[in-house]
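Worksheet: the structure to be examined is printed underneath.
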Amino acid sequence: MSDPILEMKNITKSFSGVKVLDNVQLTVMPAEVHALMGENGAGKSTLMNILRGIYQPDGGDIFLEGKKIINHNPKEATEHRISMIHQELHPILDMNVAENIFLGREIKRGTDGICSIVNKKRMKEEAQKLFDVIGIAINPSILMRNLSVAQCQLVEIVKAISISAKIVIMDEPTSALTEKEVDLLFKQIDKLRSGGVSVIYISHKMDEIFRVADSITVLRDGQFIGSDKVGNLDKNNLIKMMVGRELTEIFPKAEARIGEVVLEARHYTWENKVKNVSFSLRRGEILGIAGLVGAGRSELVETLFGVHPNYDGKLYIEGKHVDIRKTGDAIVHKIALITEDRKQTGLNLSASIEQNITLVSLEQLFPHGIINKKKEALVTEKSMQRLGVKAGSRSVKTVSLSGGNQQKVVIAKWLLAEPEIIIMDEPTRGIDVGAKRDIYLLLGELVQAGKAVLMISSEIPEIMGVADRILVMAEGRITGELDRKDFSQEKIMYFASQFDKGNENEEN
Amino acid sequence: MSLHSMRELGIVFVFAAILLILIILSPNAFARPANLINIIKQASINGILAMGMMFVIISDGIDLSVGSIVALTGVVSASFAHPGEYPLIVPIILALSIGLFVGWLNGVGVAVGNIPAFIVTLGMMTMIRGVALIVSRGAPVFGVTKAYEFIAGGFLFDRIPLLVVYFTIITLISAYILTKTVFGRRVYAVGGNDISAAFSGINVKKIRISVYMISGLLAGFAGLLLASRTVSGNPTAGQSYELDAIAAAVIGGVSMSGGSGKWYGTVIGALLIAVIGNGLDILNVSSHYQLVIKGAIIISAVLLDVKGKEKAA
Amino acid sequence: MRKVLLMAMGIMLMTSSLLFAAGSAEDGDAKPERYALMMSHMTNAFTMELSDAVKSKAKELGVDLTVFDGGQDVSKQISQVESAINQGYAGILIEPASVDGIKPAAEAAKKAGIPLITVNQRITDQELASAYVGANPVEGGELEMRTAAEAIGGKGKVAFLLGPLGSDAQIGRTQGYYNVLKEYPGIEVAYEQSANWRTDEALKLVENWLQTGVELKAIVANNDGMALGALKAVEDAKMLDKIKIYGLDATPDALAAVKEGRLSATISQSTTEQGLVAMETIVKIVNGEKVPAEIIVGHTLLDKKAVDQMAKN
Chain A
20 MSDPILEMKN ITKSFSGVKV LDNVQLTVMP AEVHALMGEN GAGKSTLMNI
70 LRGIYQPDGG DIFLEGKKII NHNPKEATEH RISMIHQELH PILDMNVAEN
120 IFLGREIKRG TDGICSIVNK KRMKEEAQKL FDVIGIAINP SILMRNLSVA
170 QCQLVEIVKA ISISAKIVIM DEPTSALTEK EVDLLFKQID KLRSGGVSVI
220 YISHKMDEIF RVADSITVLR DGQFIGSDKV GNLDKNNLIK MMVGRELTEI
270 FPKAEARIGE VVLEARHYTW ENKVKNVSFS LRRGEILGIA GLVGAGRSEL
320 VETLFGVHPN YDGKLYIEGK HVDIRKTGDA IVHKIALITE DRKQTGLNLS
370 ASIEQNITLV SLEQLFPHGI INKKKEALVT EKSMQRLGVK AGSRSVKTVS
420 LSGGNQQKVV IAKWLLAEPE IIIMDEPTRG IDVGAKRDIY LLLGELVQAG
470 KAVLMISSEI PEIMGVADRI LVMAEGRITG ELDRKDFSQE KIMYFASQFD
520 KGNENEEN
Chain B
10 MSLHSMRELG IVFVFAAILL ILIILSPNAF ARPANLINII KQASINGILA
60 MGMMFVIISD GIDLSVGSIV ALTGVVSASF AHPGEYPLIV PIILALSIGL
110 FVGWLNGVGV AVGNIPAFIV TLGMMTMIRG VALIVSRGAP VFGVTKAYEF
160 IAGGFLFDRI PLLVVYFTII TLISAYILTK TVFGRRVYAV GGNDISAAFS
210 GINVKKIRIS VYMISGLLAG FAGLLLASRT VSGNPTAGQS YELDAIAAAV
260 IGGVSMSGGS GKWYGTVIGA LLIAVIGNGL DILNVSSHYQ LVIKGAIIIS
310 AVLLDVKGKE KAA
Chain C
0 MRKVLLMAMG IMLMTSSLLF AAGSAEDGDA KPERYALMMS HMTNAFTMEL
50 SDAVKSKAKE LGVDLTVFDG GQDVSKQISQ VESAINQGYA GILIEPASVD
100 GIKPAAEAAK KAGIPLITVN QRITDQELAS AYVGANPVEG GELEMRTAAE
150 AIGGKGKVAF LLGPLGSDAQ IGRTQGYYNV LKEYPGIEVA YEQSANWRTD
200 EALKLVENWL QTGVELKAIV ANNDGMALGA LKAVEDAKML DKIKIYGLDA
250 TPDALAAVKE GRLSATISQS TTEQGLVAME TIVKIVNGEK VPAEIIVGHT
300 LLDKKAVDQM AKN
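Protein chains in written order, with the working numbering: chain A, 20 to 527; chain B, 10 to 322; chain C, 0 to 312.
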C-alpha cells in the first residue's frame, strides 16, 4: 500500500463570515482518478482553488508527497506540478496551439532576459512531439480560435502533461463533449494514470464517475461527508451522501387556494439549452424548478419572458395563445421576471431606489409621458414599506445598498407593475437570513392574493420548503415532477442527475 | 456628501473661482454686463451642441459627427438663402432635416448594426465633412439674405441676442425632457445598464436611435446658426466642435460611462469654456494657452468622476 | 444584420470615393507628358482659384495635369510627391503646406532629376527647387498696411489677425506690416492674435477685443476669411464708422464687401496669374528652357475705387 500523493487535512475557509469549508479532508493516491462530488455550493470549487493557490485556507494543511506545502499563487501550484483544466476554458484565442501550451514558459532563442526572442518553430516542434506521444491529431499551428471546445480541452490536457504534472484537476470536463470525445478524454485519463499522474475529477455525472474513477470523496454544505473506493459505492448511497442533510429549517409556508391554470408552455425549445419543455402553472401555486447548474432553468424562464425571440414553442395565458418575442410583450401579459443576477440584469446601479422601482411601470403610472414627482414619491415610499427596504431615503443610489435590500428593490420594481405571473430566478441568493425570510413571507402573500409564482432555486431545502410542486430539469429537459407530498432531497437529486450520454446532435 | 455630488457642486465653485479671477485681472472689460451677455452669446452654439451631446453620452454613447454636420447644414442652408430665391423657411427646414437624417443614420448604425458609437460617428464625421466640401466645391457659400443673417445675428426686444434665446429655450426643453419625462428616464436607464433596461421592457434600440436623432437635429440647428452668424456657409466650419461639446458635458459632470449627468452641469460646462475663451482673449493671451487650460479642466473633471465611482463601488 | 450593414457602408464608401476621385482627376490628352500640382489643401476660394488657373493653362498647352490635395498635412504632401516621382511625372508644381517640412520632397525630386517649382509660398531650402512662382507675401503685407496707415491718418491703435503661426504667408505678411509701421511711429499695435484663417475664430476674437473698450482705428487681417469675421463683429457692435477693416486674397465675398463699402480694401495676390505663370514655367523647364529662379507676380490693391473700376470694364 503506497503513501498518498496528496493530503488536504482539516481545511477550513470562510468568506465574509460565512463558512464555506469546515474541516474538510481529501486524500488522493498516486496514479489514481479521484472523483470529487457534491451539490452546487458544497465547497468543491473552493477546495480546489485552495489547492491551486488562489485562496489560502484559514485552517488546515496541504501535504504533497508527505511534505507540507503552501501555494501562495497559481504559479507556485504549477511549480508543485499541480495543474487545472477549467470548466470555462480561457485560451488565448489569437495565439496558436503551441503558443498556448507553452504560455508563460516560452522556448526562447538564446538567452533569457528582456531582449530574448521566442522560438516559435521549436515550440511547434515540441508541441507536435507531445501530440504524437499522446496520440492526438491536432495541428500545433492552428489558432485556438478555430478549435472546437473539445479540442481546446485536449490542448489543456496536453499542456498539463507538458509541465509533467503530478496532479491534474478536471472541473466538469465533459460538459461540452460528444460521446466520442468523452471516450477520447477517458482514454487520455487512462494514459495519465498509467503514467503515474493522479486526476482529481469534479463532476455531477454519476455514470461517468463510475466509469472512470477509482475513488470518490463527497462534500456537502462545506463538510466532508465521506470517501471510499468506487467499488464500495452505488448510486443510491452516493445520492444519500450528497443530499442527506437533516432538514432542520422550517420555512414559512402559507396555505393558498390553488386555482385554475394561468400559464401553459408547450414544447419550448431554444438552441441547445432548452429542449422540448412543457408544463403548466396554476393560480395560487408556487412551482419550483430545481436542477444543477447548466440544466437550462434560467434559459427556460428567459425564453418564456421573451429575451430570446428565436425559440420554438407555444405559450398560453389563461387559455389564450400568446406570442411573446420581446420583454415588452411579456410585461403586457402581466408576467414579471426577477433575474438571477440583480447587479448585471436586475438593477441600474447608478440610479436611485426610486428610479429603479418605477422603471417598469412608467407608462402605467404616467400615461401622458410626464413624470409627476409627487405621485412617484408616494408610490415608491409605499413600495419600500411593503417590502421592507431599509435605506436612508428613496433617493439613495442602489449601488450602495446591501444584497438583501437590492433584491427587495428589484422585487418591488416588478410588483409595482402588478403582474399576475411572477418568475423568480434564485431570489434569495447571496442575501442575509432576515431578508430571505421577508421574501418567503412575500411569496406567501402573493399566492394568497391569487398570483402564480415560478421559482428557480438551487437550494434544495429552500425549494422543498416553499414550493407546492417541483419540476426538475437536467440538460435542458424536464426530467421529473414532484408533488409536495412526495418531496425528497434524494428524488430531486436523482432527477437532476439524469444526463444523456453526451450531446445527441453531434456524432462525428 | 458623496464625491459625485461634491463634484457637481465643485464645478460651480470652480466656475465662480475662475469668474472671480478674471474680474480681478480685468475689472473694466470682463465684468461689464455687455461682456457677460457676449459670453453667453459665444457659449450658445457650443451649448446647443452640448445639449444634444448630453443626451447621447447619458445613453452611454458618443457622437463625433456633430462638427461635420454643422459644416454641411451651414453650407446647404446658405446655398438656399440667396436673395430672391427661396423663402427663409426653406434653408431652415433643410438644415434641421439634414441634421435629423444624419442623426438617424448614426442611431441605426449603433442600435441596429451594433457597431460601436465611436466608430459609426467617426466614419460619419469624415464622410459628412467630405460631402460638405463636395457640395460647396471647397469654397465658402456667401451672399445670404439679411433675413438669414438675422437668424443668429438678431436681437429679441432689441436687447437679448437671439443666440442666447435659442440656447435658453433648448436648454429648458432638454432639461424638461431629461428630468420630467418617461423618455428621459429611459435614456438614463439605457445608459446606466442597457441589459437591465432591456429586461425591464424598455425598447433600447428605439431610445438609442432617438438620442442620436436629437443630437443630429441640434447639430443641424447649430450649423444654421453658425452660417448665419458668420454670414457664410463654410465647408471647413465646425472642425473639432464635437470636442468642445463633449468637453462641456464632461466638465459639467456627465459621466462617460453613461447613466448619469445633470443638465445644469452641461450648461455650466459650456459657459466655463466660453468664459475662458473670452477672458483670455481680453487679456490678450494666445488661443494656444486656452487649449492647455481647457484640456487640464477636462482631465480633472474626469478624474473626479472616476474617483467618485471607485469610492461608491 | 451587422455584417450586412458594415459591408453596405464599406461598399458605399468605396464606390462614392472612387466615383468622385475619378471625377476630380484630370483626363488629359494622350500626351506622354504628365504634370502634378500639389496643393496644400483644397478648402477655400484661394486654393480653388489657383488650381483652376493651373488647370486651364495645362489644357491650353495640351498637357496632362493631376491635382493632389495635401489636406494641410506635410507628410501627406511628401508622400504624394514621392508617388508622383515614382509614377514618372515630368514636372511637379507644389504649393507647400510647410516651409521647412517639405524639404524631403524637394530633395527627392532633385535627386530624381524631376523639375519642381514652388508656387505661392517659398520653402526654406528654395535652392532645391527649380524655381519659385508667386507673390511676395511681404510685399502684400506692406501694401495692405500702408493703405490702412494712410487711411487712419498715420496714428491710432490697430489690431492684427494672423494666419496659422509659422506659415509662409503669415510670417511674410506680418513682416510686411511691421516694415511699414517703422514709418508710422504714431500707430500702436493693441492686439495681435492668430485666428487660423478662420472666419468664426476671427469673429469671436474681435467680439471680445471690442469688449475691452480699447479704441481701435483699424483691423488688418492676413486673409479675407478672417477680415470678414472681423467685419461681422464690428458691424454687430455698430462700430463700422469708427473701425476700418482690411483683408488679403480678393475672394469673391471680400470683393462684394468692398463694393458695398463695408470692407475698406482687399489685396489681390494675382492668384490666377500665379497659377498660369507657374504652369507655363514648369513646361518651359521640362522642355529645356532656362528660367529665372524667381518669378514674382505683383500684388494689387483693391479698394472701392478699384473694384468699381473692375465692374465697369
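No residue lacks a Cβ here, since even glycine has one placed at the ideal position from N, Cα and C.
CB contact check: residue i to chain B, cutoff 7 Å
| i | result |
| --- | --- |
| N119/C | no |
| G203/C | Here residue 203/C turns out to be Lys, not Gly, going by the sequence shown. For K203/C, the answer is yes, since a Cβ of chain B falls inside 7 Å of its Cβ. |
| G22/C | Residue placement at G22/C is poorly supported in this model, since its pLDDT is 44, which falls under 50; the coordinates still yield a value, given next. Not closer than 7 Å to any Cβ of chain B, the Cβ of G22/C fails to qualify, so no. |
| E25/C | Low confidence applies to E25/C: its pLDDT is 44, below 50, so where it sits in the model is not reliable, and the reading given next is rough at best. Not one chain B Cβ lies under 7 Å of E25/C. |
| N424/A | no |
Contacts that residue i makes with chain B (C-beta to C-beta distance below 7 Å)
| i | result |
| --- | --- |
| E382/A | V191 |
Rounded straight-line distance, which links the Cα of residue j to that of residue i
| i | j | result |
| --- | --- | --- |
| N524/A | E395/A | Bear in mind that a pLDDT of 41 at N524/A, under 50, signals an unreliable position, so the number given afterwards is only what the model happens to contain. So the two alpha carbons sit approximately 52 Å from each other. |
| M399/C | G118/B | An answer regarding residue 399/C cannot be provided, because it is not within the stretch 0 to 312 covered by chain C. |
| S317/A | R302/A | 22 Å |
| A120/B | F67/C | 38 Å |
| L66/A | L40/A | 8 Å |
| G225/B | F164/B | 26 Å |
| K455/A | N424/A | 10 Å |
| L131/B | I66/B | 15 Å |
| F518/A | E227/A | 10 Å |
| V281/A | I128/B | 47 Å |
| S68/B | V75/B | 17 Å |
| P251/C | I170/C | 24 Å |
Within-7 Å CB hit, residue i to chain C
| i | result |
| --- | --- |
| Q299/B | no |
| T154/B | no |
| I285/B | no |
| I46/B | no |
Buried or exposed by the 16-neighbour rule on C-beta atoms within 10 Å, applied to residue i
| i | result |
| --- | --- |
| E500/A | exposed |
| D72/B | buried |
| N391/A | exposed |
| H340/A | exposed |
| C171/A | buried |
| H91/A | exposed |
| R503/A | exposed |
| K32/A | buried |
| K241/C | exposed |
Residue i and residue j closer than 7 Å at C-beta
| i | j | result |
| --- | --- | --- |
| A130/C | V290/C | yes |
| H223/A | L311/A | yes |
| M41/C | G247/B | no |
| M133/B | A258/B | no |
| T358/A | D444/A | yes |
| G215/A | A50/A | yes |
| S219/B | M60/B | no |
| E200/A | I104/A | no |
| S299/A | R285/A | no |
| G140/C | G175/C | yes |
| I49/B | V173/B | yes |
Contact with chain A by residue i, beta-carbon distance below 7 Å
| i | result |
| --- | --- |
| G247/B | no |
| N123/B | no |
Chain A residues whose Cβ lies nearer than 9 Å to that of residue i
| i | result |
| --- | --- |
| S53/B | Correct list: empty, because the minimum Cβ distance to chain A is about 27 Å. |
| Y273/B | Those do not exist, as Y273/B stays about 17 Å from chain A at its closest Cβ, beyond 9 Å. |
Cross-chain neighbours of residue i in chain A, by beta carbon under 7 Å
| i | result |
| --- | --- |
| G210/B | T346, G347, I350, V379 |
Within chain C, the residues that residue i reaches when beta carbons sit closer than 8 Å
| i | result |
| --- | --- |
| A231/B | Here the premise fails: no neighbours, minimum Cβ distance about 12 Å. |
Cross-chain neighbours of residue i in chain C, by beta carbon under 7 Å
| i | result |
| --- | --- |
| N243/B | T198 |
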